[in-house]
Every structure is written in structure tokens, then in C-alpha cells.
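So the structure is just underneath, and the comments pick up after that.
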Amino acid sequence: MLGLTPNEKGPKELTPREIVAELDRHIVGQADAKRAVAIALRNRWRRQRLPEELRREVAPKNILMIGPTGVGKTEIARRLARLTGAPFVKVEATKYTEVGYYGRDVESMVRDLVENAIGLVRERQRGEVREEAERRAEQRLVDLLSPAVADRDEAELDEKGQAAEKGHAGETPSDRRARTKEKLRKMLAAGLLEDRPVELQIEQRTAAMVVPGLGPGQMDVDLQGMLEKFMPKQTTRREMKVSEARKRLFEQESDALINQDKLHAEAIELTENLGILFVDELDKVVASDSRGADVSRQGVQRDLLPIVEGTTVQTKYGQVQTDHILFVAAGAFHKTSPSDLMPELQGRFPIRVELKDLTKDDFVRILKEPTNSLTKQYAALLGTEGIELSFSDDGVDALADYAFRLNQTQQNIGARRLYTIMERLLEELSFAAPEMKTGRVAVNAAYVHERLESIAKDQDLSQFIL
Ligand SMILES: Nc1ncnc2c1ncn2[C@@H]1O[C@H](COP(=O)(O)OP(=O)(O)OP(=O)(O)O)[C@@H](O)[C@H]1O
Ligand SMILES: [Mg+2]
Numbered sequence: 005m006l007g008l009t010p011n012e013k014g015p016k017e018l019t020p021r022e023i024v025a026e027l028d029r030h031i032v033g034q035a036d037a038k039r040a041v042a043i044a045l046r047n048r049w050r051r052q053r054l055p056e057e058l059r060r061e062v063a064p065k066n067i068l069m070i071g072p073t074g075v076g077k078t079e080i081a082r083r084l085a086r087l088t089g090a091p092f093v094k095v096e097a098t099k100y101t102e103v104g105y106y107g108r109d110v111e112s113m114v115r116d117l118v119e120n121a122i123g124l125v126r127e128r129q130r131g132e133v134r135e136e137a138e139r140r141a142e143q144r145l146v147d148l149l150s151p152a153v154a155d156r157d158e159a160e161l162d163e164k165g166q167a168a169e170k171g172h173a174g175e176t177p178s179d180r181r182a183r184t185k186e187k188l189r190k191m192l193a194a195g196l197l198e199d200r201p202v203e204l205q206i207e208q209r210t211a212a213m214v215v216p217g218l219g220p221g222q223m224d225v226d227l228q229g230m231l232e233k234f235m236p237k238q239t240t241r242r243e244m245k246v247s248e249a250r251k252r253l254f255e256q257e258s259d260a261l262i263n264q265d266k267l268h269a270e271a272i273e274l275t276e277n278l279g280i281l282f283v284d285e286l287d288k289v290v291a292s293d294s295r296g297a298d299v300s301r302q303g304v305q306r307d308l309l310p311i312v313e314g315t316t317v318q319t320k321y322g323q324v325q326t327d328h329i330l331f332v333a334a335g336a337f338h339k340t341s342p343s344d345l346m347p348e349l350q351g352r353f354p355i356r357v358e359l360k361d362l363t364k365d366d367f368v369r370i371l372k373e374p375t376n377s378l379t380k381q382y383a384a385l386l387g388t389e390g391i392e393l394s395f396s397d398d399g400v401d402a403l404a405d406y407a408f409r410l411n412q413t414q415q416n417i418g419a420r421r422l423y424t425i426m427e428r429l430l431e432e433l434s435f436a437a438p439e440m441k442t443g444r445v446a447v448n449a450a451y452v453h454e455r456l457e458s459i460a461k462d463q464d465l466s467q468f469i470l
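Residues 5 to 470 in our numbering are what the sequence shown lists, from first letter to last.
Here is the structure:
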């Protein structure tokens, strides 16, 4: 146990209400789904506070999000990830194939999660050693620069500082070098040398090993790790600017200061206790019959089951116990229903939330309300060309109305419809904007109708364009 106190190591200490409020800033409606994920998240936090013995017993309440396409399933997960600071990976169930089939094996999702955790922990630990690493990086920069400067710039440096250095006539070469370094340090600190080239020794990543017959990511992890250890570390020298070298040196120095074993252990613990795996498109691995490719799909479910139930996955950094990883699965379940999943798997997703179809009012709100709503995005984009784009209420209303009606008459693609409509609406403007220099464009109902009506009316045309 690392003594994960949520403030410093775990995800941010948000209450369910706060989580929902945060999600509300980006996603319209879908209150049930937001509540469910908020509760599940808080439950992890609660579990962390239980005595060891009890903690082991509390299994995560996995969530299955069901709903039509384009209503925010993936979006909720994506936002959740940014919010929590917990290790999070989103995978598509369709990406995997049963063991033995060509493709990625299901366990690799756990490995991806650990990689994500490594990144998070390393980031935090780098923060902890930041000062020392920066100091060391600066020192190395000075060392790197000083021979060059000694040759090329000593004269120049002396010229500049002559008045002040009259008194140094009798100094030894080592005094002189120390003085040069001191000067360099000052110049570096003042940002005067940022574009100066330096040569740096950098380690090259061993190229991914290719074993005949195995796809990338399929090689047994242990083997991969072992091979990496045996391969000689490749280093090359590269010339780069001081500004870039400083970043590289900082990374090198902070990695040297961080205890790698501790990092790995901490990342694994974080993964096991707070990791979230979002499995999208789960409905697509439900077999509609038991022939052909469907056999492999059913196989993915079978492979998924032990991971969801709790198993040990071997990773490059050590073994990961998956018992307490939270799974959030999502799927449209159009032609199939959750009851077509393997019974064991169904039981592992006790919380079902249904996401609702979006209404015209939802579209109005989606266009206007989210922090970075579509209308705000387009206004900002065209703002860079000096165009002041504004949307009136009746304009937004008209847009939402088109989106809603097209979803009814054409295929229902949910909020994604807004993207195609907006693009079409502003196509002309986006093209001509640079020549317009400045100007105001107000998108009102008339503007919308003028550009969309004829296309929307024509069934064939709208199928392709909107
Ligand atoms: N309720 C909503 N509020 C705001 N934006 C939304 C909402 N629903 C969908 N969107 C937007 O529509 C797009 C598609 O949504 P998302 O990716 O969440 O669909 P999905 O439900 O995962 O669909 P699919 O089943 O096809 O994967 C996203 O860019 C998202 O921003
Ligand atoms: Mg999705």
C-alpha cells in the first residue's frame, strides 16, 4: 500500500456532484450516465479508505452504457479521463481478436493501462525532483558549452567584460575556466544562448523487435523485456539548440534521479487500484450467428471475461492484478442486446445506463452551451481571419431543427449531424475568409435557410452532403 491519499496520488478528490457538474460543462443531458460514472468513481475513492481486509472484498461496479450512436457515450468517458488523473485507457473491443487469431490479444489493454500509469507517476515524480534535475541540467549545459566557448568565444567574452576584468591579469588557467563558466551560467540564465548549437549524447530507442509470425504487440512481454535488456543501448550524438538540449537534459537527469523500480511498483499499484478501462463498441463483439468471423468475436468475449473477473496479467513492469480495475463498457446495441453477451460477462456489468436519443432542444444546447461548443469553435477559428462570427438564437434554432429533421429522415447519427451541418453552413465563409479581411457575419435563421434549405430538401443530395 502506498498510502494513496487522493489529494496527492490518486485522482482528484471530486464528489459525485462535482464530477457531474464538470461533465455538464461539456456534455448536454444524459444525466443518468453521468451519475453512474460519478458514483463509480467515488466508490473507488471510498474503497481506498477501507481497512485492507475489507478493501480486498469490494469489487468495482462496472458500468455498461447503452445508447444510439453519437449521443455522448465516448465523450463522457473521454471527459472523465481528463478529469480524474487516474490511469485511463479507451479501447475498441473490435480491435481485439481471440488468442490465436491474427491481431492484438485482449490482455494488451491492461498493458496499455500500465503504460498510462507509468506516464502519470513519472510526471508526478519528475515534479518532485524538478529543482535538482533542473540544476543538474543547467550544470551539464554549462559543461557542454564551455569547451566550445573557450575556443571560439573567449576573446569575445573578454572583450565585452574587459573593463571589469582588468584586475584578473595574473589568474591561472583554471581560474579563467571557472570564470568563463560563471559567465556562461549567467548568460544561460538570461536566455542569451538559447539558439546556440550544442552536441548531445542521446539514447536511441531500440527499434521494435520483429519476430516472424507475430504482429506488433503480440510478442510475449517477458521476451520483449528480456530482449531489450540484452540489446546494447544505442547512443548517438546529435546537434541541437540549447533550448532543446535543456529539455532533453532535464529528462535525462530527472530519470536518473527517479528510482525506476519504485516508479514501476507505484504505477502498478495505481493501475490495480484506480485504473479505468473504457471498452467501446462492446456490442460489436456480440455474435449474431456462430459462423465465420463471429467465432472470433465470441472468442474476444471469452478472453475479456477473465480480465474483467480478475486475473493476473504479465507486463513489462511486473504483474498486474485486474480485480479492482473499473470497466466502463459502451455500445449501441442496435441489432443485439446486452443479453446476447455471454452470461458471465453480463453479470460483470451490473450497472446499466441508457443514453437517450438527442432532441432538438438538446441540439440547441449542444450548439451553444458546452465550454468549447461548435459555435464557439467556429467563431474562434474565423476570428483568426479577423471575422466576427456570431450566432443569433433563431439561427441556432434553425440549425438544430435541420439536424433533428435530417436525423429523422436520413440515418440517425446523433450529435455528429451537427458537425456536417455546421461545416456545410460555413463552407463558403471558410473559403473566402482570408480575402474578406475584416467584417461581421451574423448567422440568423435567414442565413441558415439560405444555405441549407435546398440541400436538405433534396433527399439524394442531403444523403451525401449533410
Ligand atoms: N450529449 C452531448 N452533448 C454534447 N456533445 C455531444 C453529446 N453527444 C454527442 N456529442 C458530440 O457528438 C460527437 C459524437 O459523440 P460520441 O463520440 O460520444 O458518440 P457515441 O455515443 O460514443 O457514439 P458511437 O456509438 O457511434 O460510438 C462527439 O464529438 C461529441 O462531442
Ligand atoms: Mg463511441
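Glycine included, every Cβ here is placed at the ideal spot set by N, Cα and C.
Please read these numbers as outputs of a predicted model, since none were measured by experiment.
- Ligand 2 has no heavy atom closer than 6 Å to the beta-carbon of Thr239.
- When beta bridges are read from the DSSP output, Gln256 appears opposite no residue.
- Apart from sequence neighbours up to five positions away, the residues of its chain that approach Arg140 with a beta-carbon distance below 7 Å are Glu257, ordered along the chain.
- If the five residues before and after Lys38 are omitted, its C-beta is found closer than 6 Å to the C-beta atoms of Val24 and Leu27, all from its own chain and listed in chain order.
- Inter-segment contact for the segment 53-72 and the segment 401-415 is absent: fewer than three beta-carbon pairs are separated by less than 8 Å.
- Residue burial is scored here from C-beta neighbours: Asn120 has at least 16 other C-beta atoms within 10 angstroms and is therefore classed as buried.
- Assignment of alpha helix (DSSP H) within the segment 295-365, counting only whole runs of 4 or more residues, yields 297-313 and 347-351 in chain order.
- Closest option to Arg241, judged by alpha-carbon separation, among Leu267, Val202 and Ala336: Val202.
- In this structure, DSSP gives Leu433 a helical state, which the three-state scheme calls helix.
- When DSSP states are grouped into helix, strand and coil, Val125 belongs to the helix group.
- Excluding residues up to 5 positions away in sequence, Ala271, Ile272, Thr275, Thr319, Tyr321 and Val324 lie with their Cβ nearer than 7 Å to the Cβ of Val118 in the same chain.
- In this structure, the CA atom of Pro20 is about 16 Å from the CA atom of Ile355.
- In this structure, Arg51 is the residue among Lys339, Arg51 and Gly33 with its C-alpha nearest to the C-alpha of His328.
- Between Thr78 and Asp284 a beta carbon distance of about 6 Å is seen, short of the 8 Å cut, so the two are scored as contacting.
- Placement of the Cβ of Lys77 at a distance of less than 6 Å from at least one heavy atom of ligand 1 is found.
- Rounded to the nearest angstrom, the Cβ distance from Ser394 to Ala437 is 15 Å, too far for a contact under 8 Å.
- When the five nearest sequence neighbours on each side are left out, the beta carbons in the same chain lying within less than 7 Å of the beta carbon of Gly390 are those of Lys441 and Thr442, in order along the chain.
- When beta bridges are read from the DSSP output, Gly443 appears opposite Ile391.
- Every unbroken stretch of the alpha helix (DSSP H) spanning 4 or more residues and falling wholly within the segment 11-92 is given here in chain order: 20-28, 35-52, 56-61 and 77-88.
- For Leu456, the enclosing alpha helix (DSSP H) begins and ends at Ala449 to Lys461.
- A distance of 7 Å or more separates the beta carbons of Val146 and Lys190.
- Membership of Gln412 in any beta strand (DSSP E) is not indicated; the residue belongs instead to the alpha helix (DSSP H) covering Asp397 to Thr413.
- In this structure, Phe435 sits away from Ala404, with a CB-CB distance that is not shorter than 7 Å.
- For Lys190, the enclosing alpha helix (DSSP H) stretches over residues Pro177 to Ala193.
- Between Tyr451 and the set Ser466, His30 and Leu429, the nearest pair of CA atoms involves Leu429.
- For Glu96, the closest alpha carbon among the candidates Met113, Arg86 and Leu84 is that of Met113.
- For the 7 Å CB-CB criterion, Gln381 and Ile262 do not form a contact.
- In this structure, Asn448 sits away from Asp401, with a CB-CB distance that is not shorter than 7 Å.
- DSSP places Leu281 inside the beta strand (DSSP E), whose first and last residues are Ile280 to Asp284.
- Annotated three-state conformation of Ile425 is helix, per DSSP.
- Bounds of any beta strand (DSSP E) do not take in Arg108, whose DSSP letter is neither H nor E.
- Close CB contacts of Tyr406 within its chain, under the 8 Å cut and outside five residues either way in sequence, are with Ile425, Val452, Leu456, Ala460 and Leu470 (chain order).
- In terms of CA proximity to Phe468, Arg421 leads the group Glu454, Gly131 and Arg421.
- A direct Cα-to-Cα measurement between Ile370 and Leu45 gives close to 25 Å.
- Within the same chain, Leu393 come within 8 Å of Gly387 by CB-CB distance, once the 5 residues on both sides are set aside.
- Using a Cβ distance threshold of 7 Å, Gly335 and Leu286 count as a contacting pair.
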